[in-house]
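Each residue of the sequence shown is one higher than the one before, starting from 1 at the first, in the UniProt record's numbering. We put the beta carbon where it would ideally sit given N, CA and C, even for glycine. Computed from a predicted model, the values in this text were never measured in an experiment.
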Amino acid sequence: MTNKQTFKSDEEISPLDTIDFRGILAASPNPILIVDSDLIIIEANSSALDLFEMDRSGLLHQSFIRFFQAVPSPILSHYENAVREGGEIEDETLMTTEEGIIKHIELKITKIKQSDFAFFFLRDITSEREKQRNDHMNLHMLNNIFQQAAEGIILFDKEGNIKEVNQAFCKQVNLQKRDVLNRRVASFIPENFHFKVVKIKELLDSGRQARGEMPITHSEGVSVVEFTTTPYVNHELHMAILRDITEKRQMEIQLKRSEELFKDLFEEAIDAIVLWDQDGRVLRANRSALKIFECTLSEILTKKIEDFVYPLEMHKFESVTHKLKAKGAVRDEILFLMPNNQLKHLEFTSKLHSVDGYNMTIFRNVSERHQMEKSLRESEERFRKIFEGTLDGMVLTNHSGQVVDANPVALEILSIGKDRLIGSDIKDIFMIKENEDEEYLDYQLKLKEEGHANYIKLIKIDEERLQHLELSSKYNLLSNLNLTVIRDITEKVELQDQLRKSDTLSVVGELAAGIAHEIRNPMTALKGFIQLLESSMGKDHEMYFHVIKSELQRIDSIITEFLILAKPQAVQYQETDLAKIMRDTLELLNAQAVMHNVQFKERYNTEIPSIFAEPNQLKQVFINIVKNAIEVMPKGGTISIAISEIEENKVRISISDEGIGIPKEKIKKLGEPFYTTKERGTGLGLMVTFKIVEEHEGTVEVESELGKGTTFHIDFPIKKG
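Quick look at the structure:
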């Protein structure tokens, strides 16, 4: 309750008898009371009677205070003072009728001059205060709605300046409220949509609402909002409610695209697509379906799918239909009879309630595939007969090199079981290191480019057996399969190798005797004259004579090797201690080893059996190999010599160096006439070595790794004379 009290100084009022009070009361539309100094009501107009909801007799002579019990006593005391002492009071208070109805009253008390009476001017403001209270409640509710609304709400003036926003709008534009206020609405709208802003303003200025969609910009891009603008929500500001429909629009666009895509896929699909109802009646069919079923659209729409089923396949069709109803989807093949009496094998996939509640079946004509499969089976049977019955080994591999199949001959050549071979990589079977074998890389490249290629590979079948295999491959002979024919050409290669060596040895043998004697005779004269010349010359030329004699000695050793190759030697085999011969050899070569900073590391088993051999020839073998080992280590190193019994009837001598090693492709040429890996050499030393070992029924095996060194393994049989 609000108190407004204003006491004015007494002013002179016209005498009571000069004023027509009843006329004033009757003429006033507002309630008026005349109250004495004891606050007793002595007069009231009709409006006052209506206010108090009483008749005249009931109201007059009643105490004013009776109707204002809710007013605090200090306030009532002020009212009494105003009547008794003069002055004027304006106040807003509450009154209670006889029926207990509370009313809001605007009260003005004016003392009648020169009397003990006062005018009480009353005005019922109950409805106004009720309206204010409702307005306040509505405003409070509106504020809650404004702040809690999920949609963005903005209040803006006629110029488009934003005066208030809710949190939802701030979230929509990704800004703080302080950064939004007083900005223009148009600043959030792309420039090419400003024409819409102008139209909206025209509608608002004319007092009309505006609705529609509009893009708004923010820090994260552009959103689409659905808006409703209302003019003059509080006489000065317009209101806009914005709902973000970006996701909705995107979904609508996506749905539209999906529908268009489905339509395109349906009409343009290569496979036949048919939509049908629960009775099997065709409702829709694409162009491919019309082509497969040999019908027009109007014709097929009068049919059921079962109308096309070949009569002898009807039982299968009924079984498929039952399965479809049970599982909701099915895939199968059935023979169909077309209206033109053409039979077609159709593969189909059916699904219930797939499109808009209708059932869908996708058909594919596989008649040609059936015919091709039949022809392929016949072709495969013919191929299988050839594959299994040929005398050559045959292997089928995929393009990754995995073995898919092999015939019995291939299994026999490779000495491997079929279970182990199938699924293996062909490179592993033939022990091919792809990155190290240039010939294999060339073979693979030629196979892919030309469709066929040959390749020869030496493989180790077991501990004792090596095989030369010729691979002849045909690319993609069968679907995604390559055919490789395997032939064992070991005997052929060995015969060719023996023939070549035999021819070379024959030529060397024929030339050796004559050349050796022809060279040795003048060599004897040269040696004699050099010795005479050396004795007659001073020491100034000693170095030159040393070089000349060294080279003559080298020529003499070559002649000796020629003679060994040229004619059979008178060999006296005897029981020989290999360790002793090796020690004698190393002692002989020790000076040369020291000059080259080479050390010997010996490891002999305690009980090395003797062998039946020619000692001098074995010494020649050891000299050739150890000397070569020294020469391949110009910066020095270690030569390891080991002698051990490797089997009950064999003894092995292993000589290892730390040289640069020998390439794999050159190892197999060692021992051939005139083949050498040294800059100065004839190759006769190793040729003689191999020949001596062979005459002793031994073998030479060479292991080498580039950058690490080479090992010669010489194996002799243990025999007694």
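How far does the alpha helix (DSSP H) with residue 726 in it reach, from first residue to last? In the structure displayed, the chain extends from 1 to 721; residue 726 sits before or after that span and is not available.
Residue closest to E151, alpha-carbon to alpha-carbon, out of T97, E226, N134: E226
Which value, in whole angstroms, describes the spacing of the CA atoms of E106 and K199? 48 Å
With H, G and I counted as helix, E and B as strand and the rest as coil, what does DSSP make of M360? strand
Pick helix, strand or coil for V366, following the three-state DSSP scheme. coil
Looking at C-alpha atoms only, which residue of K669, A525, I625, P408 is the closest neighbour of R487? P408
Stretch-stretch touch, CB-based, cutoff 8 Å, three pairs: the stretch 262 to 271 with the stretch 236 to 245: no
Whole angstroms is fine: what's the gap from Q62's alpha carbon to F52's? 11 Å
Would you grab the beta carbon distance between M633 and E658 for me? Rounded to a whole angstrom, and I think it's under 8 Å. 6 Å
Using a 10 Å radius around the Cβ and a threshold of 16 neighbouring Cβ atoms, would you call V71 buried or exposed? buried
Inter-stretch contact at 8 Å, needing at least 3 Cβ pairs: the stretch 370 to 383 / the stretch 281 to 294: no
Can you tell me whether M214 is buried or exposed, with buried defined as 16 or more other CB within 10 angstroms of its CB? buried
On a Cα-Cα basis, can you pick out the residue from I41, N45, S37, D36 that is closest to S28? N45
When we look at the beta-carbon of V395 and count the other beta-carbons within 10 Å, is it buried (16 or more) or exposed? buried
Exposed unless 16 or more other CB atoms sit within 10 angstroms - verdict on T606: exposed
Can you tell which of D38, Q278, L466 has its C-alpha closest to the C-alpha of V493? L466
Inter-stretch contact at 8 Å, needing at least 3 Cβ pairs: the stretch 623 to 640 / the stretch 595 to 603: yes
Near N482, what residues of its chain come up, given a Cβ to Cβ distance below 8 Å and the 5 sequence neighbours on each side ignored? L396, T397, N398, H399, L447, S473, K474, Y475, N476
A579 (DSSP reduced to helix, strand or coil): helix
Could you check if P408 belongs to the surroundings of the ligand ZN, using beta carbon to heavy atom distance under 7 Å? Inclusion of the ligand ZN in the displayed structure is not the case, the ligand content being empty and no account of it being possible.
Taking the C-alpha atoms as reference points, what is the distance between M314 and L335? 9 Å
Beta-carbon proximity of G328 to L297, cut-off 8 Å: no
Use the C-beta contact count for G221: other C-beta atoms within 10 angstroms, 16 or more gives buried, fewer gives exposed. exposed
Nearest neighbour of N144, chosen from A168, L618, D124 [CA to CA]: A168
Could you spell out the range, first to last residue, of the alpha helix (DSSP H) harbouring I253? 246 to 268
Measuring alpha carbon to alpha carbon, tell me which residue in A269, I422, G389 is nearest T361. A269
Pull up the distance between the alpha-carbon of V702 and that of V626, whole angstroms please. 14 Å
Exposed or buried, what is P74 when buried is set at 16 or more other beta-carbons lying within 10 Å of its beta-carbon? exposed
Residues that L275 bridges to, as DSSP identifies them: R284, M360
Following the continuous alpha helix (DSSP H) through T711, name the residue where it begins and the one where it ends. Here T711 belongs to no alpha helix (DSSP H); instead the beta strand (DSSP E) covers 709 to 717.
Using a Cβ-Cβ cutoff of less than 7 Å, which residues in the same chain neighbour E99 once the five nearest sequence positions on both sides are dropped? E53
Over what stretch of residues does the beta strand (DSSP E) that includes A326 continue unbroken? Unbroken run through A326 is the alpha helix (DSSP H), 314 to 327; no beta strand (DSSP E).
Which residues DSSP lists as bridging R487, in chain order: E470
Within the stretch 592 to 649, note down every full beta strand (DSSP E) run reaching 3 residues or more, in order along the chain. 598 to 604, 611 to 613, 637 to 647
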